[in-house]
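Asks: Have a look at this one.
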Amino acid sequence: MTLHLFNSLTRRVEPFAPLDPACPTMYVCGPTVYNYVHIGNARGPVVFGVLADLLRRRYGGLKYARNITDVDDKINAAAAAQDVPISAITDRFAAAYREDMAALGVAPPDIEPAATAHIGPIIAMIERLIASGHAYAAEGHVLFAVDTFADYGKLSRRDPDDMLAGARIEVAPYKRGAGDFVLWKPSTPDLPGWHSPWGVGRPGWHIECSAMAAAHLGETIDIHAGGIDLQFPHHENEIAQSECAHGGHTFARVWLHNGMLTFAGAKMSKSIGNIERVHDLVQAHPPEALRYALLSAHYRQPLDWSDALIEQSVRTLDRLYGTLRDLADVDAGPRIPDSIERALDEDLNTPAALAELARIAGEARKAVDADTRAALKAELLGAGLALGLLQQAPADWFARGVADDDDARIQALIDARIDAKKARDFARADAIRDQLAIAGIVLEDTPQGVRWKRG
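Following our numbering, the numbering of the sequence shown begins with 952 at its first residue and continues without gaps.
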């Protein structure tokens, strides 16, 4: 089987072949840690985490880096507002990010570089750009001269004038060209700063990723991934500065971009205020259902986020875990089916993989032969493993959030079971019944309706 990926650089689906057949390299843009991330920020880590696992299975190794941006004007503003060092902000929210991703079943990357730990490589890269005529110092700043890179715009394929018009680019008197972007900027005493040949200052956002990727993965990497909102200017600028600093060597051979999450059709954005934070969602809903929801649409397409989507994901997982519960007497370990691998080989087609997962579960529910049931349970567990799903015991899934909840929560579950039975969704009704039973809640049917008591 051959993995095929849609390369944003060439605008086509291509067979993937790493430079080193034993160990591909992948860089994913990570968070700027000044607050909790919203659920849209989790789509890339979830999807590209599935890809990371696939690459390891296929090639036997992987060097996967996902950075932490821990120096940024938003971080500075948050630290100033609370009158604390920037590390107090970045340490707190980097830890929260790791916890939230772990809750969603996202494994840590192999390498998690932080920008502040790479000031030396950043300065060295800027010095190379100045020496080669691609950057210039002006009034304490260092800027990349866009007109020195003939291929600028090759990723986003926009006309340079159009790119400038849509990028909110600061027009400053020290810039030679309106599109020139900052590699280094001066810091006043109240801001974090490091000594450099151009005075005390701090790096620009784009140069950080270029330097961290080169430091850990080399001058040319196999895959660079991130949200489509980063394609311009961030990824475009990464290409320009990296390829100019490295003598024209290709920076990234394959570019992957995940689509945005929308909320009621509008882009989910902090500036709009329509965000839902992962930190809150994992406390209000089963985290595995959030993961399922994030995988339910193809990664390149927009995904409209809603309570209905979460609820549907919960109901689907109820049926899948119900199937595993019914197979509790079957001894079988996970085996990833070829059909799942084929779906993921088609540009990470997670909807097709989820459909195959459902098909396997349906076959398992009908199977009576012992060998068939064992084979299907192994495939069901393996399919879940490839997608980061079905990794807990069915009893743990069904016991979630009832034992310690109040009476209103229990009654809400009973009402949901009644509604499910009226809708003839008997799998959902049985799942809720089992969830309550595991928590010690006994249901009694009476002429006046369903009553409950603690067993």
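Yeah, the Cβ is synthetic: ideal placement off N, Cα and C, and Gly gets one too.
By a C-beta neighbour count over all protein chains shown, 10 Å radius and 16 as the cutoff for buried, is G1117 buried or exposed?
Replies: Below a pLDDT of 50, predicted positions are generally treated as unreliable, and G1117, at 49, falls in that range; the measurement from the model is reported next regardless. Burial call: exposed.
Asks: Should R994 be labelled buried (16 or more other beta-carbon atoms within 10 Å of its own) or exposed?
Replies: Classification for R994: buried.
Asks: Quick check: the stretch 1147 to 1161 against the stretch 1185 to 1194, are there 3 or more CB pairs under 8 angstroms?
Replies: Taking 8 angstroms as the limit for Cβ pairs, the verdict is that the stretch 1185 to 1194 does touch the stretch 1147 to 1161.
Asks: Near V1001, what residues of its chain come up, given a Cβ to Cβ distance below 8 angstroms and the 5 sequence neighbours on each side ignored?
Replies: Contacts found: L1246, L1295, L1299, T1301, A1337, L1338, G1339.
Asks: Please report how far the alpha carbon of G1178 lies from the alpha carbon of L1207, in whole angstroms.
Replies: Cα to Cα, G1178 sits roughly 8 angstroms from L1207.
Asks: Sort Q1234, F1132, L1168, N986 by Cα distance to I1077 and report the nearest one.
Replies: Taking only the C-alpha atoms, the option nearest I1077 is F1132.
Asks: Looking at the unbroken alpha helix (DSSP H) that takes in A1065, where does it start and where does it end?
Replies: Segment: none, A1065 is in no alpha helix (DSSP H) and carries neither H nor E.
Asks: Out of P966, R1379, F999, R1008, which one is the CA nearest neighbour of A973?
Replies: With distances taken between Cα atoms, A973 lies closest to R1008.
Asks: Which first and last residues belong to the beta strand (DSSP E) in which K1404 is found?
Replies: First-last of the beta strand (DSSP E) with K1404: 1400 to 1405.
Asks: Rounded to the nearest angstrom, what separates W1135 and K1126 at their Cα positions?
Replies: Roughly 13 angstroms separates the two Cα atoms.
Asks: If you reduce the DSSP assignment to three classes, tell me which class F1095 lands in.
Replies: Correct three-state label for F1095: strand.
Asks: Determine the direct distance from the alpha carbon of Y1010 to that of V1281, and round the result to whole angstroms.
Replies: Spanning the two alpha carbons is a distance of roughly 32 angstroms.
Asks: Restricting to Cα atoms, I'd like to know which of R1375, A1101, R1204 is closest to L1168.
Replies: When each option's Cα is compared against that of L1168, the closest is R1204.
Asks: What three-state label does DSSP hand A1378 in the structure shown?
Replies: Residue state, collapsed to three classes: helix.
Asks: Consult DSSP for H1069 and reduce its assignment to one of helix, strand or coil.
Replies: Three-state DSSP puts H1069 in a helix.
Asks: Leaving out five residues on either side along the sequence, give the residues of the same chain with a beta carbon under 8 angstroms from the beta carbon of L1106.
Replies: Taken in chain order, the residues that qualify are S959, L960, Q1182, F1183, H1186, E1187, I1190, W1206.
Asks: Helix, strand or coil: how does DSSP classify G1117 here?
Replies: Only weak support exists for where G1117 lies, its pLDDT of 49 falling under 50; the value from the coordinates is given anyway. It is coil, neither helix nor strand.
Asks: Assign N1027 to one of three DSSP states: helix, strand, or coil.
Replies: Of the three classes helix, strand and coil, the one that applies to N1027 here is helix, per DSSP.
Asks: Restricting to Cα atoms, I'd like to know which of P1345, A1217, K1025 is closest to F1044.
Replies: Taking only the C-alpha atoms, the option nearest F1044 is K1025.
Asks: What are the boundary residues of the alpha helix (DSSP H) that D1255 is part of?
Replies: Run containing D1255: none in the alpha helix (DSSP H); it sits in the beta strand (DSSP E), 1254 to 1256.
Asks: For H1092, which of G1144, L1341, T1041, D1102 has the nearest alpha-carbon?
Replies: Residue G1144 is the option with its Cα nearest to H1092.
Asks: Going by alpha carbons, who is nearest to A1089 out of A1032, A1058, G1150?
Replies: Per the Cα distances, G1150.
Asks: Is DSSP giving A1309 helix, strand or coil here?
Replies: In the structure shown, A1309 sits in a helix (DSSP, three-state: H, G or I).
Asks: DSSP three-state call for S1231: helix, strand or coil?
Replies: According to the sequence as given, residue 1231 is Asp; it is not Ser. If DSSP states are grouped into helix, strand and coil, D1231 belongs with the helices.
Asks: Taking C-alpha atoms, which residue in R1405, R1324, T1397 lies nearest to D1358?
Replies: If we check each option's Cα against that of D1358, R1405 comes out closest.
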